[in-house]
Each structure stands twice: as structure tokens, then as C-alpha cells.
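Peer 1:
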Amino acid sequence: MVQNQVSNSPGLVSVIIPLFNEGGNVTPLCEALSPALNDLGRPYEVIFVDDGSTDDTAEKLAVASTSNSRFKVLYFKRNAGQTPAMMAGIDHAKGEVIVPMDGDLQNDPADIGKLLKKLDEGFGVVSGWRKDRQDSFWSRILPSRIANRIISWVSGVRLKDYGCTLKAYRRDVLEDFRLYGEMHRFVPIYAHWQGAKIAEIPVSHRARKQGASSYGLSRIFKVLLDLLVVKFLTQYEAKPIYIFGAVGFSFFGVSFIAGLWALYLKWFENTSFVETPLPLLFTLGFITGVMCILMGLLAEAMVRVYFESQGKRQYTVRDSINMDDNP
């Protein structure tokens, strides 16, 4: 996830803030960030990513970066979305700790210190939990709770608030992982599946005072679809035949049952094959099963080409002793 061309700085904290049409929030956000980050007693940088804003966000970010050299800005040519903006910020971050947060003032910069303190206890990820969330119950809180429970059930990673942007990551848990769609909220799942310890702590949440939220109910469906992608890529990326094979054998099972049922009706009920759709179901199930198996074999071949052509490995080494770094 983090590009190798950026060298890690020991102790440095990189705060990543995507912004889209948040001109009214830029100045008060910067005024809140400076004292909160200065109180950490650690070097820091703040990377603002202007996600193609059409208001005065870009101009206000330019002023803020002039007054504080630790405030850095990336400007997108067009609006790409929160996840690409987050990815761009992480790609350019130099810190050993990455802290993403929203730029609408609903996250409190003072909570960053709490996240870092918990991270220092040996966790790889510390996720914020908006325990007292200041949003509309029906349009924001209830759908979020439903989505959180579904995500926890599917992933096996029990978090109360996947949607809270305010999190802290050790840089190494983000290695070799790219973000697409709405996947920024699923990084704790990936980190957990890679063996990282995850903690969740309550953080402050404030009502939005300026600007308009770009989140809607339609985002829930996008999140659920992205969850399926994450589940597939993290658990079946190296062995796609398992998922395609499971689906294929399921269709074989349907085909087998339909065929037996059709024969039973033919032999014992004197029902002609043309009087029931079961023969058609048998044929379609068998053909679909064969296609799934063949697609799985094709995916297996593509996986091997992918790993071998790019020199990638199917494992990650956390540490070693007396070993050559270039096997």
C-alpha cells in the first residue's frame, strides 16, 4: 500500500486528510490541528489531499501550507473519491505511523494522541469508535450499524464502527495493499488477516457545522460489494480455484438432484421429460459447473503469471535473524 520510494522517518506521524469542497472548514481545522499535534511531542506532517474541490478549498489550503511547513497539500485534477485521495496521501507519507481523518471537523484532532498511546501498547491498528455519534439516526446511524454488523459477520473482525475515518496504523501493516472503491474502511480487516493486533477506542464526534456530507444510502451497497472483493482478494487471491470450484460443485449438485428427480418422475410417475423443467435445469447446472471449474483453472494460471512476472510472493516476513535479505 505504501510506495517504496518514500523513506520512513522514525517517530514521524503522518496525518492524512482528504478534502472535497470543505472551504469553510479548512481554517478552523488547521487551527485545531496545530496545538493537538504539537502536544504529541513527536515530529509530524499533515498531508491534505484536495479531491478536485470546486470551491475555495484549494486557496485556503495554499494559505495554510504557507504558514506551517509541516502542512503539505496534494491537488487532484478532478474528483476521484475518498479512497483514492486516502491512497494518494499514504503513498506520499513519510511517517512510521499513518493517521487518516476527515476534514469536516467531525473528528477531533485531540483524539490523535489517544490513538497513538493505544498503538504504543503493541497494536498494529487502532480504530476510532464514534460512540456518541452526532448524525441523523435514520439516514446515517441506523444504516451504519447494520453495515457494521454485516461487515463484522462476513470478515470475522469485530469492530463497532468501520465507518470512522479516524484510525492509526503502523506503516508495516499497510505494505503491499492497494485501495480501490470504498476499501479504505476495510484496512483493519486486511491487517487482521495479516496477523496484526487491532484495538478500538471511543473518540469524539461532533456535528457538521459547515458544508454538506457526500455520503448517502447508496454508499451502503457499494461498501457491501467492496467487502466481497476484499474477502475474495485476501482469502482466495492465491487459490481462486477454491471459490470457483465451490461454486462449480454447487451447480453440479443442483444438476445431479434435478437429474435424479427427473428420472424418478419418469420411472415412477410416468411424467415425460418434456413436461417438467428439470432436464433443462440439469443441463444448465452441469454446463455452469463446468464453466466455473474452467474459469477457476484459468484464474489459477493468471495468478501464477501475476506473482512470477512481478516477483511477488504469497507470504510476508515480519523479521529474520542471520538470513540473507534477498532470497
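Going by our numbering, the sequence shown wraps up at 558, each residue one higher than the last.
Using N, Cα and C, we set each Cβ at its ideal position, and we do this for glycine too.
(1) Considering only C-alpha positions, which residue in the set S481, A489, W492 and F487 is nearest to C523?
(2) Using three-state DSSP, classify N553 as helix, strand or coil.
(3) Out of L405, I382, M317 and G334, which has the shortest C-alpha to C-alpha gap to V356?
(4) Determine the direct distance from the alpha carbon of M533 to that of V505, and round the result to whole angstroms.
(5) Taking P340 and A267 to be in contact with their CB atoms under 8 Å, please state how far apart those CB atoms are, rounded to whole angstroms.
(6) CA-CA distance, L512 and V478?
(7) Report all residues from its chain with a CB closer than 8 Å to the CB of N553; omit the five preceding and five following residues, and keep chain order.
(8) So which of N338, F279 and H415 has the shortest CA-CA distance to K303?
(9) Give me the residue from L491, A493, I472 and F517 with the minimum Cα distance to G527.
(10) Could you name each continuous beta strand (DSSP E) segment of 3 residues or more that falls completely within the segment 448 to 526, going from the start of the chain to the end?
(11) Which ranges would you report for the beta strand (DSSP E) in the segment 270 to 307 if only whole runs of at least 3 residues count?
(12) Bridge partners for E431 per DSSP, in chain order?
(13) Can you name, in chain order, every residue of its own chain whose Cβ lies under 6 Å from the Cβ of V434, other than the five neighbours on each side?
(14) If you follow the alpha helix (DSSP H) that R401 is part of, which residue opens it and which one closes it?
(15) Starting from P315, trace the alpha helix (DSSP H) both ways and give me its first and last residue.
(16) In chain order, what residues of the same chain have a beta carbon less than 6 Å from the beta carbon of A615, not counting five sequence neighbours either side?
(17) Roughly how many angstroms separate the alpha carbons of G254 and R273, rounded to a whole number?
(18) Buried or exposed: where does S486 fall if 16 or more other Cβ atoms within 10 Å of its Cβ makes it buried?
(19) Quick one: what's got a C-beta closer than 8 Å to P259's C-beta in the same chain, skipping five residues either side?
(20) The alpha helix (DSSP H) spanning V418 covers which residue range?
(21) Can you look up L336 in the DSSP assignment and give me helix, strand or coil?
(22) Would you mind stating whether N379 and D392 have Cβ atoms separated by less than 9 Å?
(23) Buried or exposed: which applies to P508, given that a residue is buried once 16 or more other Cβ atoms fall within 10 Å of its Cβ?
(24) Determine the DSSP secondary structure at E327, reduced to helix, strand or coil.
(25) Helix, strand or coil, according to DSSP, for V257 in the structure here?
(26) Alpha carbon to alpha carbon, how far is A427 from V388?
(27) If we ignore side chains and look at the alpha-carbon of each, how far apart do P331 and I488 end up?
(28) Ignore the nearest five residues each way along the sequence and tell me which others in L271's own chain have a CB closer than 6 Å to its CB.
(29) Distance, Cα to Cα, T288 vs F251?
(30) L347 lies in the alpha helix (DSSP H); which residues open and close that run?
Peer 2: Inspection of the coordinates gives the following:
(1) Position 292 of the sequence shown holds residue 523. Closest option to C523, Cα to Cα, is S481.
(2) In the sequence shown, the residue the question calls residue 553 occupies position 322. Its pLDDT being 41, under 50, N553 is placed unreliably by the model, and the measurement read from it follows with that caveat. Coil, per DSSP.
(3) Residue 356 sits at position 125 when you count from the first residue of the sequence shown. Ranking the options by Cα distance to V356, first place goes to L405.
(4) As a working note, residue 505 is residue 274 in the sequence shown. As a working note, residue 533 is residue 302 in the sequence shown. One C-alpha to the other measures close to 42 Å.
(5) Sequence index remark: in the sequence shown, residue 340 carries index 109 (1-based). Sequence index remark: in the sequence shown, residue 267 carries index 36 (1-based). Sure, about 4 Å apart at Cβ, within 8 Å.
(6) In the sequence shown, counting from the first residue as 1, residue 512 sits at position 281. In the sequence shown, counting from the first residue as 1, residue 478 sits at position 247. Looking at the two C-alpha atoms, the distance is approximately 16 Å.
(7) Translated into the one-based positions of the sequence shown, residue 553 becomes position 322. Confidence at N553 is low in this model, with a pLDDT of 41, below 50, so the placement of that residue should be treated as unreliable; the coordinate-derived value is given next. Excluding residues within five positions, none has a Cβ falling inside 8 Å.
(8) On the sequence shown, residue 303 is found 72 positions in, with the first residue counted as 1. For K303, the nearest C-alpha among the options comes from F279.
(9) Counting from one through the sequence shown, the residue named residue 527 turns up at place 296. Closest by alpha carbon: I472.
(10) none
(11) 275 to 281 and 302 to 306
(12) The count along the sequence shown starts at 1 and reaches residue 431 at position 200. According to DSSP, E431 bridges with S358.
(13) By 1-based counting over the sequence shown, the position of residue 434 is 203. Same-chain partners within the cutoff: D342, G359 and L397.
(14) By one-based count along the sequence shown, residue 401 stands at place 170. Per DSSP, R401 belongs to no alpha helix (DSSP H); it is in the beta strand (DSSP E), K398 to R401.
(15) Within the sequence shown, the letter at position 84 stands for residue 315. Per DSSP, P315 belongs to the alpha helix (DSSP H) from Q313 to H323.
(16) Lying before the first or after the last residue shown, residue 615 is absent from the chain, which here runs from 232 to 558.
(17) Here residue 254 is taken as the residue at index 23 of the sequence shown, counted from 1. Here residue 273 is taken as the residue at index 42 of the sequence shown, counted from 1. So the alpha carbons of these two residues sit roughly 28 Å apart.
(18) The count along the sequence shown starts at 1 and reaches residue 486 at position 255. S486 should be labelled buried.
(19) Within the sequence shown, numbered from 1, the residue matching residue 259 stands at position 28. Excluding residues within five positions, the ones whose Cβ falls inside 8 Å are L336.
(20) As a working mapping, residue 418 is identified with position 187 in the sequence shown. Note, V418: alpha helix (DSSP H), V418 to W424.
(21) Within the sequence shown, the letter at position 105 stands for residue 336. Here L336 sits in coil by DSSP.
(22) Locating residue 379 in the sequence shown gives position 148, where the first residue counts as 1. Locating residue 392 in the sequence shown gives position 161, where the first residue counts as 1. Yes, Cβ-Cβ distance for N379 and D392 is below 9 Å.
(23) Position 277 of the sequence shown holds residue 508. Counting Cβ neighbours within 10 Å, P508 comes out exposed, since fewer than 16 surround it.
(24) By one-based count along the sequence shown, residue 327 stands at place 96. Three-state DSSP puts E327 in a strand.
(25) Here residue 257 refers to the residue found at position 26 of the sequence shown. Three-state DSSP puts V257 in a helix.
(26) Along the sequence shown, one-based indexing puts residue 427 at 196. Along the sequence shown, one-based indexing puts residue 388 at 157. Approximately 11 Å between the Cα atoms of the pair.
(27) Looking up residue 331 in the sequence shown gives position 100. Looking up residue 488 in the sequence shown gives position 257. Roughly 52 Å between the two C-alpha positions.
(28) Mapped onto the sequence shown, residue 271 falls at position 40. Contacts found: G344.
(29) Here residue 288 refers to the residue found at position 57 when the sequence shown is read from its first residue. Here residue 251 refers to the residue found at position 20 when the sequence shown is read from its first residue. If you take the alpha carbons of T288 and F251, they lie about 8 Å apart.
(30) Here residue 347 corresponds to residue number 116 of the sequence shown, with the count starting at 1. Its alpha helix (DSSP H) spans residues I343 to L350.
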